[in-house]
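Following: one structure in structure tokens, then a few remarks.
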Amino acid sequence: MPVFKSTANTLIFLLAMSSVLFAQSVDLPKVRNSRQVEGLYKNDPQLVAITGAMVTRFPGDEPSVESILIRNESIEAIGAGLTIPASAKTVDATGLHIYAGLIDAFHEIEVPFEADRGTGYWNDQVRPQVVVAESFKLKDLKTEDKRKAGFSTILCAPSDGVIKGQSALILMLDEEANQEEAVINPSFAHHFQLTVSRGRDSYPNSPMGAVALARQAMYDAKWYREASNSRAGQTESNDALQSLMLQVQYDRPAIFETSNELFSLRADRFAREFGLKNAILLGNGYEYRRIGAIAKTQRPIILPVNFPKPPEVGTPENAANVTLESLMHWEHAPKNPSALAKADVSFCLTSHGLKEDDNFLDKVRLAVKHGLSKSDALAAMTITPAKLFLADKLGKVESGFLANLVVTDKPLFEEDAQVVQTWVAGKQFETEDPKSDAVVWDVSTDAEAFAAARIQIDGQKIEIFKDADTGKKLKHSFQSESSIGGSFNGKDFGVEGWVQLSVTLIGEDSGVGDIVLPDGESIAIKMAKSEAGPLKKDDDEKDDDEKDDDEKDDDEEDKDDEDKDASKDGLKDIAAISKVNFPFGYAGVDAPVTEPDSVLIKDVTLWTCAADGVLENAAVLVSDGRIQSVFQKGVALPTADTIIDGTGMHLTPGIIDCHSHMATDSGVNESGQAITAEVRIGDMIDCDDMTIYRQLAGGVTTANILHGSANPIGGQNQVIKLRWGALDEEMKFKGAPEGVKFALGENVKQSNWDNPTNRYPQTRMGVEQIFDNAFEEAKTYRAKQQEFKTTGKGIPPRINLELEAIAEIVEGTRWIHCHSYRQDEILALIRLLDDHQIQIGTFQHILEGYKVADEMKKHGAMASAFADWWAYKYEVKDAIPHAGALMHQQGIVMSFNSDDRELGRRLNQEAAKAVRFGGLSFEEALKFVTINPAKQLRIENRVGSIEVGKDADLVLWNAHPLSNLAVAQQTWIDGKKYYDRDEDQQRHESFAKLKQQLVQKVLRSGEEMENEDAESTDPAKLWPRHDAFCGHQHHEGHDHDDHE
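Note that the sequence shown covers residues -23 to -1, 1 to 1021 in mature numbering (1 follows the signal peptide of the UniProt record, and there is no 0).
This is the structure:
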């Protein structure tokens, strides 16, 4: 039967015709395969009638007993009174249930490198020319396992790369079938993954590097089209860019793989940047956390159902180490499909992420149990993916549709329903009864209650039976080659409480062990393999496996916490104890922070950090996010909606950290190349980073999130405001001038790396040369652009994102923030910048800046330093704590920064060190963390001081702000209160109580717990949140973000 056979040439033709081919749905070919028969000719029936089954034609259809007539691969007719032709082979399906064959919306395979044919892109992580249909093997798809799970069709995608290649829609035929017959659509979509795995040495080796590479490839594809059409000369022949060009030109589907809800939003922004209207998101199971934002993207989602096991809380120690977030996720994850359905998000389901395909339907049933309607669930496995994949002959049991069917012994969503047949393109595949391997053991013991007991082992499920019809599934069971065990409710055996079982197996036919009663009494037992067949409980007993009587009693006690509303299909939704908050987990807020109409903070000691200095018994009026008035002592005060009595307190501008690495989940460094100016920290802002909240508690309101110091020219910075609970884009400081991280010293020449590469430069001289060369190349780049703009002659110049950023530095629209230590390198960079007429933004760290302060002043450089860090590596041996004060006294705008998530919580105390080591006034010292860093970031017109018209970024302290005893009581940003110490204490107590309730819920559930050493299912959590190439981190290797 079928289909399209793609070669490199025919693929390009197909892509070029995609405006026709993919704007309409794909029709299934009617021609027979031309392959020559080997050996005996087969005479398979071409007409088959399935009779007596309960058929559900499509989601929402009322099931009824009907017959289905199949001719070749398609359904010819269906109906209750269908006349069956005498020539038809009849399949009696009485008592069975038939649905459209399920579609697995995502499956990935590794495509061999040799399949990457044609001229490739300069970076092997961009492989759009790779086509799964040309390289897959049916045996590699494990088609039998797929069919056993009910799947008749899968979307198969390549697994490797940032731009990974093209997927194919494939029928789950027998492994020996002609592969050409299995392909329905050989090139459905390009696949993108805007991240990489940790541990790569080459570029890109960070998620933000992956985004930059993908952006460059998309711009290159547009350029390739323009250059090819320019007729001004021969451009390079590049199959990768040709393929990607057609993706852009004809707006073919593009599927973006995501690892959490933030990556979903990033993928949407990427798609919008390049006009990819038909973008699809491969989901991640975290969509419920930002369901409103996800719904606004209006992107279809391919949704995994790999719901997590509960975290390990079996001991007090393990429970203490488990995060509230992981407990809440366990509770909410099965509700994710229902949440998307209620938000009117189109989605289809996939087995992707499950260890075994046969767990798929169990997971879908769990989603139904948690509120997803049966109709929506069936649609997500049939008609929705069929529509999404432009396959209008899939997804229904109707005349003219492909004869893809799944046959079950009970209604599909019943707990124990089993797939007994799967039909693929008219071919019948029967499934073996998965229960046939059950082994029954007879128990012998002197204890009368258990004398007639039997134990049944079926795969990983262990049950103990009082008699043939009364059984209990063991909870917390374990099984190995030599032992089994677990616990069960002893009620059926006349025992009150939980009974424990442990048996050592002797050979294949016997075993010895103990039954331990609730009072601790141990009863010796023996086991012998029984000749009896598999045991099966009566229907009335089945609920006991899921909820024992003790558990039912507990649930009754908790009935006020449980939602008793029924879903559409009459199944009770299992309501969560916890609520979805923002960010999700500990310290999250229930709703976005709102701004009072007006706020008056009165009777405070006001540190303006401006011309007014320090004002006693002053007041500030705030509205519309801005400071409206500043009142000195004795002035009549207006009324306001919110009035705060600041008696005995101090009010300062919000603290500004000029050098931070928090709030990014991309690893801080893209170290794969010496120059990565195209990389943007702003692409990877992590608004859920707990460090944000902790630094709010220390009075920080604005931070400059910098790329690390792994390369001479690193990535672009991002200035943010610490708007806790907001989305990543909402945290960005709009209008803040952009910059790029430069670095000098040991880090960039790799002398202190554990695993150095041979990347240029390897000396301090080479670092200077790479700067000079980059500036010259950027000037040439701009000149070529201007020449083409003026003359229109020649091939259009290619947009180079790296040189774009460097050209902006040369032009003075982007600032340099340079990691620096030694005086010789500082002077060398100043002189080089002077040669190119470039003014630096800031020298960062600048530990020997006090030695060359006069030259820095002459150049116009500003300095952001550590207050008193030294001796953490050789090149900082001359650092002194007086450096900040000395540079300040030379007229340099000076600030102290954190470069550390813990230190950022006490920058007020760091500022005080300028008083201790330099004799500065308190007022001048406070400016080191307020107005001075604002000037360095060129945002002093908005923040850094308390003046009329500026943003209302304020901190209320209980004591002198530079005192070690000072504690921030409230932190305000844009006139909104994002931190309140009293409220924080209340929330801390509330979250602690919630965590204990969730621990109890896990213990009550009886579910198998996750191994305590299991890795996070969210890869974004694995990236470091500090500059791994600096040696000054206080707590490198410790994850402070994941504990409450």
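Virtual Cβ for every residue (Gly too), placed ideally from N, Cα, C.
None of the values given here were measured: they were computed from a predicted structure.
Counting C-beta atoms within 10 angstroms of its own C-beta, Lys114 has fewer than 16 neighbours from the protein chains shown and is therefore classed as exposed. The Cβ atoms of Ala936 and Trp949 lie no closer than 7 Å to each other. Using a Cβ distance threshold of 7 Å, His684 and Ile658 count as a contacting pair. CA-to-CA, the gap between Asp419 and Ile441 works out to about 10 Å.
Rounded to whole angstroms, the Cβ separation of Asp486 and Lys506 is 5 Å, and the two are in contact under 8 Å. Setting aside the 5 residues that flank it on each side, Glu723 is surrounded in the same chain by Asn729, Glu852, each with a C-beta closer than 6 Å to its C-beta; the list follows chain order. In this chain, Phe873 is not harboured by any alpha helix (DSSP H); it is covered by the beta strand (DSSP E) spanning 871 to 873. Membership of Trp475 in the beta strand (DSSP E) is indicated by the continuous run 475 to 483. Met626 is classed as buried because its beta carbon has at least 16 other beta carbons within 10 Å across all chains shown. By the criterion of a C-beta distance shorter than 6 Å, Ala840 is surrounded in its chain by Phe820, Ile823, Gly826, Met864, Ile869, Met871, once the five residues flanking it on both sides are discounted. For Lys123, the closest C-alpha among the options Asp81, Val612, Gln106 is that of Asp81. Following the DSSP letters along the chain, one finds Ala501 inside the beta strand (DSSP E) bounded by residues 499 to 506. Sixteen is the threshold: since fewer than 16 other Cβ atoms of the shown chains lie within 10 Å of the Cβ of Pro569, the residue is exposed. Look at Arg700 here: in three-state DSSP terms it is coil, with no helix or strand label. Residue state for Glu152 is assigned as coil, using DSSP reduced to three classes. From the listed residues Asn909, His168, Asn215, the smallest Cα separation to Pro230 is found for His168.
For Met358, the closest alpha carbon among the candidates Ala429, Glu779, Val282, Leu304 is that of Val282. DSSP places Gln609 in no alpha helix (DSSP H); its state is neither H nor E. The alpha-carbon of Ala154 is positioned some 22 Å away from that of Val396.
In the structure shown, Asn261 falls within a coil segment according to DSSP collapsed to helix, strand and coil.
In this structure Asp660 is in contact with Arg243, their Cβ atoms being roughly 7 Å apart against a cut-off of 8 Å.
Arg104 has its alpha-carbon roughly 25 Å from the corresponding atom of Arg736.
CA-to-CA, the gap between Ser236 and Ile140 works out to about 16 Å.
Here the C-alpha atom of Ala30 lies approximately 18 Å from the C-alpha atom of Leu79. With a 10 Å radius around the Cβ and a threshold of 16 neighbouring Cβ atoms, Asp117 comes out exposed. Shown here, Met31 sits in a strand according to DSSP, grouped into three states.
In this structure, the CA atom of Pro560 is about 7 Å from the CA atom of Cys664. Judged by pairs of C-beta atoms under 8 Å, the segment 122 to 137 does not touch the segment 171 to 189, as fewer than three such pairs exist. Following the DSSP letters along the chain, one finds Phe968 in no beta strand (DSSP E) but inside the alpha helix (DSSP H) bounded by residues 958 to 982. Spatial neighbours of Ile632 in its own chain (CB-CB distance under 6 Å, excluding positions within 5 residues in sequence) are listed in chain order as Gly676, Val677, Leu884, Val906.
Three or more beta-carbon pairs separated by less than 8 Å link the segment 491 to 502 to the segment 460 to 479, which places the two stretches in contact.
The Cβ atoms of Ala838 and Trp847 lie no closer than 7 Å to each other. Within the same chain, and ignoring the five residues on either side of Phe390 in sequence, the residues whose Cβ sits closer than 6 Å to its Cβ are Arg342, Val345, Lys351. With a cutoff of 7 Å on beta-carbon distance, Lys254 and Asp228 are scored as near each other. Between the segment 703 to 720 and the segment 783 to 794, the count of Cβ pairs shorter than 8 Å is three or higher; the stretches touch. For Trp99, the secondary structure class from DSSP, reduced to helix, strand or coil, is coil.
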